[in-house]
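With UniProt numbering, letter number 173 in the sequence shown gets 173, and the count goes up by one each step, no holes.
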Amino acid sequence: MEILITTRYITTHDTNNGKAVFSADIPEVNPMKPNADGIAFALSYTTKGFPVDINKDADIRVYEGFLENAPGLVVSGGTVLRHVDIPPNTACAMHRTVSLDYGAVLEGEIELLLDSGEKRLMKRGDVAIQRGTMHQWINHSKTEWTRMLFVLQPCQPLKLAGKELGEELDDMAGVRPSD
(Lines of atoms letter the chains of each structure in order from A and count residues from 1; the text may use other names and numbers.)
(Lines give C-alpha, C1' and ligand atoms only; values in the text may rest on other atoms or scores of the structure.)
Protein backbone atom coordinates (compact mmCIF):
# COMPACT_ATOMS: atom_id res chain seq x y z
CA MET A 1 0.00 0.00 0.00
CA GLU A 2 2.62 2.54 -1.01
CA ILE A 3 0.40 4.49 -3.42
CA LEU A 4 -1.17 7.06 -1.14
CA ILE A 5 -4.52 7.81 -2.74
CA THR A 6 -8.13 7.06 -2.06
CA THR A 7 -11.07 7.20 -4.42
CA ARG A 8 -14.41 8.67 -3.43
CA TYR A 9 -17.62 8.42 -5.41
CA ILE A 10 -20.12 11.15 -4.58
CA THR A 11 -23.66 10.59 -5.78
CA THR A 12 -26.20 13.23 -6.70
CA HIS A 13 -29.27 13.55 -8.94
CA ASP A 14 -29.75 14.44 -12.57
CA THR A 15 -31.76 17.67 -12.36
CA ASN A 16 -33.60 16.80 -15.59
CA ASN A 17 -35.00 13.40 -14.64
CA GLY A 18 -34.23 12.93 -10.92
CA LYS A 19 -32.19 9.77 -11.49
CA ALA A 20 -29.13 9.03 -9.39
CA VAL A 21 -25.81 9.93 -11.02
CA PHE A 22 -22.22 10.39 -9.90
CA SER A 23 -21.19 13.98 -9.23
CA ALA A 24 -18.53 15.44 -11.50
CA ASP A 25 -18.01 18.47 -9.25
CA ILE A 26 -15.05 17.00 -7.34
CA PRO A 27 -12.43 14.63 -8.77
CA GLU A 28 -12.95 11.02 -7.68
CA VAL A 29 -9.23 10.52 -6.99
CA ASN A 30 -8.47 11.86 -3.53
CA PRO A 31 -4.72 12.24 -2.91
CA MET A 32 -3.27 11.55 0.52
CA LYS A 33 -1.08 14.28 2.03
CA PRO A 34 1.85 12.90 4.05
CA ASN A 35 2.93 14.85 7.12
CA ALA A 36 6.52 15.18 8.37
CA ASP A 37 6.14 11.92 10.34
CA GLY A 38 5.03 10.03 7.20
CA ILE A 39 1.40 9.64 8.34
CA ALA A 40 -0.83 10.61 5.43
CA PHE A 41 -4.33 12.11 5.61
CA ALA A 42 -7.08 12.41 3.01
CA LEU A 43 -10.09 14.60 3.69
CA SER A 44 -12.66 12.30 2.12
CA TYR A 45 -15.78 14.32 3.01
CA THR A 46 -17.02 16.92 5.47
CA THR A 47 -20.39 18.33 6.42
CA LYS A 48 -21.58 21.32 8.41
CA GLY A 49 -24.92 21.50 10.23
CA PHE A 50 -27.49 18.93 11.32
CA PRO A 51 -29.42 17.66 9.53
CA VAL A 52 -27.19 17.98 6.47
CA ASP A 53 -28.70 19.95 3.57
CA ILE A 54 -28.20 17.96 0.35
CA ASN A 55 -30.62 20.04 -1.73
CA LYS A 56 -29.00 21.57 -4.83
CA ASP A 57 -25.73 19.91 -3.72
CA ALA A 58 -25.31 22.33 -0.82
CA ASP A 59 -23.27 19.73 1.08
CA ILE A 60 -20.87 19.35 -1.86
CA ARG A 61 -20.29 23.13 -1.82
CA VAL A 62 -19.48 22.90 1.92
CA TYR A 63 -16.99 20.09 1.23
CA GLU A 64 -15.38 22.07 -1.61
CA GLY A 65 -14.82 24.90 0.85
CA PHE A 66 -13.07 22.56 3.28
CA LEU A 67 -10.91 21.17 0.46
CA GLU A 68 -9.73 24.73 -0.20
CA ASN A 69 -9.28 25.55 3.49
CA ALA A 70 -8.72 22.30 5.39
CA PRO A 71 -10.33 22.04 8.83
CA GLY A 72 -8.70 20.84 12.03
CA LEU A 73 -9.39 17.27 13.04
CA VAL A 74 -13.02 18.11 13.93
CA VAL A 75 -15.56 20.43 12.28
CA SER A 76 -17.75 22.27 14.78
CA GLY A 77 -21.38 21.40 14.03
CA GLY A 78 -20.44 18.93 11.32
CA THR A 79 -18.74 15.65 10.49
CA VAL A 80 -15.40 14.67 9.01
CA LEU A 81 -14.67 11.54 6.99
CA ARG A 82 -10.94 10.97 6.79
CA HIS A 83 -8.65 8.22 5.49
CA VAL A 84 -5.35 7.88 7.36
CA ASP A 85 -2.36 5.84 6.19
CA ILE A 86 0.23 4.99 8.84
CA PRO A 87 3.62 3.77 7.59
CA PRO A 88 5.40 0.77 9.07
CA ASN A 89 7.10 1.30 12.42
CA THR A 90 5.33 4.63 13.04
CA ALA A 91 3.36 6.12 15.92
CA CYS A 92 1.40 9.35 16.07
CA ALA A 93 1.62 11.56 19.13
CA MET A 94 -0.61 10.86 22.13
CA HIS A 95 -3.60 13.16 21.62
CA ARG A 96 -7.22 14.01 22.45
CA THR A 97 -9.96 15.45 20.26
CA VAL A 98 -13.22 16.89 21.56
CA SER A 99 -15.22 14.53 19.43
CA LEU A 100 -16.88 11.17 19.12
CA ASP A 101 -14.84 9.23 16.55
CA TYR A 102 -15.38 5.95 14.76
CA GLY A 103 -12.07 4.50 13.57
CA ALA A 104 -12.14 1.40 11.37
CA VAL A 105 -9.09 -0.56 10.22
CA LEU A 106 -9.29 -1.14 6.47
CA GLU A 107 -5.84 -2.68 5.92
CA GLY A 108 -3.06 -3.88 8.20
CA GLU A 109 -2.95 -3.83 11.99
CA ILE A 110 -2.65 -0.99 14.50
CA GLU A 111 -2.26 -0.74 18.24
CA LEU A 112 -4.57 1.66 20.06
CA LEU A 113 -2.77 2.82 23.22
CA LEU A 114 -4.61 4.81 25.92
CA ASP A 115 -2.88 7.13 28.39
CA SER A 116 -3.75 4.63 31.17
CA GLY A 117 -1.43 2.14 29.48
CA GLU A 118 -4.29 -0.05 28.28
CA LYS A 119 -4.01 -1.11 24.65
CA ARG A 120 -5.72 -3.16 21.97
CA LEU A 121 -4.34 -4.61 18.76
CA MET A 122 -6.82 -3.80 16.02
CA LYS A 123 -7.01 -5.81 12.81
CA ARG A 124 -8.81 -5.34 9.49
CA GLY A 125 -12.50 -4.75 10.13
CA ASP A 126 -12.08 -3.77 13.78
CA VAL A 127 -13.62 -0.49 14.95
CA ALA A 128 -12.69 1.80 17.84
CA ILE A 129 -15.23 4.21 19.25
CA GLN A 130 -13.03 7.01 20.52
CA ARG A 131 -14.84 9.18 23.08
CA GLY A 132 -12.61 12.15 23.88
CA THR A 133 -9.87 10.05 25.49
CA MET A 134 -6.11 10.51 25.25
CA HIS A 135 -4.86 7.95 22.78
CA GLN A 136 -2.12 7.03 20.32
CA TRP A 137 -2.06 4.92 17.16
CA ILE A 138 1.03 2.71 16.69
CA ASN A 139 1.91 0.62 13.64
CA HIS A 140 4.42 -1.95 14.95
CA SER A 141 4.85 -3.73 11.60
CA LYS A 142 8.30 -3.42 10.07
CA THR A 143 6.94 -3.74 6.51
CA GLU A 144 3.15 -3.23 6.31
CA TRP A 145 1.18 0.01 6.14
CA THR A 146 -2.08 0.47 8.04
CA ARG A 147 -5.04 2.25 6.43
CA MET A 148 -7.85 3.49 8.65
CA LEU A 149 -11.12 5.26 7.98
CA PHE A 150 -12.35 7.76 10.57
CA VAL A 151 -15.68 9.50 11.01
CA LEU A 152 -15.41 12.35 13.53
CA GLN A 153 -18.24 14.39 14.94
CA PRO A 154 -18.00 17.06 17.64
CA CYS A 155 -19.23 16.35 21.14
CA GLN A 156 -20.11 18.39 24.18
CA PRO A 157 -17.01 19.42 26.17
CA LEU A 158 -15.92 16.58 28.43
CA LYS A 159 -15.89 17.34 32.15
CA LEU A 160 -13.99 15.11 34.58
CA ALA A 161 -13.26 15.85 38.24
CA GLY A 162 -14.60 19.38 37.85
CA LYS A 163 -12.25 20.18 34.95
CA GLU A 164 -13.25 20.70 31.32
CA LEU A 165 -10.95 18.77 28.99
CA GLY A 166 -10.09 20.27 25.63
CA GLU A 167 -8.32 19.21 22.50
CA GLU A 168 -4.71 18.11 23.09
CA LEU A 169 -2.73 17.55 19.91
CA ASP A 170 0.84 17.58 21.29
CA ASP A 171 2.11 19.28 18.13
CA MET A 172 1.01 16.41 15.88
CA ALA A 173 2.79 16.74 12.55
CA GLY A 174 0.67 18.57 9.98
CA VAL A 175 -2.44 18.74 12.19
CA ARG A 176 -3.92 22.08 13.14
CA PRO A 177 -6.31 22.66 16.04
CA SER A 178 -10.03 22.38 15.38
CA ASP A 179 -12.12 25.54 15.13
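Heads up, the beta-carbon is just placed ideally off N, CA and C, and yes, glycines get one too. Quick caveat: nothing in here was measured; it's all calculated off a predicted structure.
Do residue j and residue i have their beta-carbon atoms positioned less than 7 Å apart in this structure?
{"i": "N139", "j": "I86", "result": "yes"}
{"i": "Q136", "j": "L100", "result": "no"}
{"i": "Y102", "j": "V62", "result": "no"}
Going by Cα to Cα distance, which pick from the options is closest to residue i?
{"i": "I39", "options": "V84, D101 and G78", "result": "V84"}
{"i": "K119", "options": "L106, T133 and G125", "result": "T133"}
{"i": "I36", "options": "H135, T90 and I60", "result": "The sequence as given places Ala at residue 36; Ile does not occur at that position. The candidate whose alpha carbon is nearest that of A36 is T90."}
{"i": "A58", "options": "Q130, G125 and I10", "result": "I10"}
{"i": "L112", "options": "L106, G125, M94 and L100", "result": "M94"}
{"i": "R124", "options": "Q130, L114, W137 and L106", "result": "L106"}
{"i": "P34", "options": "E28, Y102 and L43", "result": "L43"}
{"i": "I60", "options": "S23, E144 and N16", "result": "S23"}
Given this structure, state the Cα-to-Cα distance separating residue i from residue j, to the nearest angstrom.
{"i": "L67", "j": "S76", "result": "16 Å"}
{"i": "M122", "j": "R147", "result": "11 Å"}
{"i": "R82", "j": "S116", "result": "26 Å"}
{"i": "V175", "j": "T97", "result": "12 Å"}
{"i": "C92", "j": "F41", "result": "12 Å"}
{"i": "L169", "j": "S178", "result": "10 Å"}
{"i": "F50", "j": "K142", "result": "42 Å"}
{"i": "D126", "j": "P71", "result": "26 Å"}
{"i": "K56", "j": "T6", "result": "26 Å"}
{"i": "residue 184", "j": "T46", "result": "Residue 184 lies beyond the residue range present for the chain, which begins at 1 and ends at 179; the question has no answer from this structure."}
{"i": "V52", "j": "K19", "result": "20 Å"}
{"i": "E8", "j": "M32", "result": "Before going on, a small fix: residue 8 reads as Arg here, not Glu. Distance between the alpha carbons of R8 and M32: 12 Å."}
{"i": "E109", "j": "R131", "result": "21 Å"}
{"i": "I26", "j": "G65", "result": "11 Å"}
{"i": "D14", "j": "V21", "result": "6 Å"}
{"i": "G162", "j": "N69", "result": "35 Å"}
DSSP puts residue i in a beta bridge; with which residues?
{"i": "D85", "result": "A40 and R147"}
{"i": "residue 181", "result": "Lying outside 1 to 179, the shown extent of the chain, residue 181 is not represented and no answer is given."}
{"i": "L165", "result": "L158"}
{"i": "D101", "result": "Q130 and L152"}
{"i": "G78", "result": "K48"}
Would you please state the rounded distance, in angstroms, between the beta carbons of residue i and residue j? I believe it to be under 8 Å.
{"i": "L165", "j": "L158", "result": "5 Å"}
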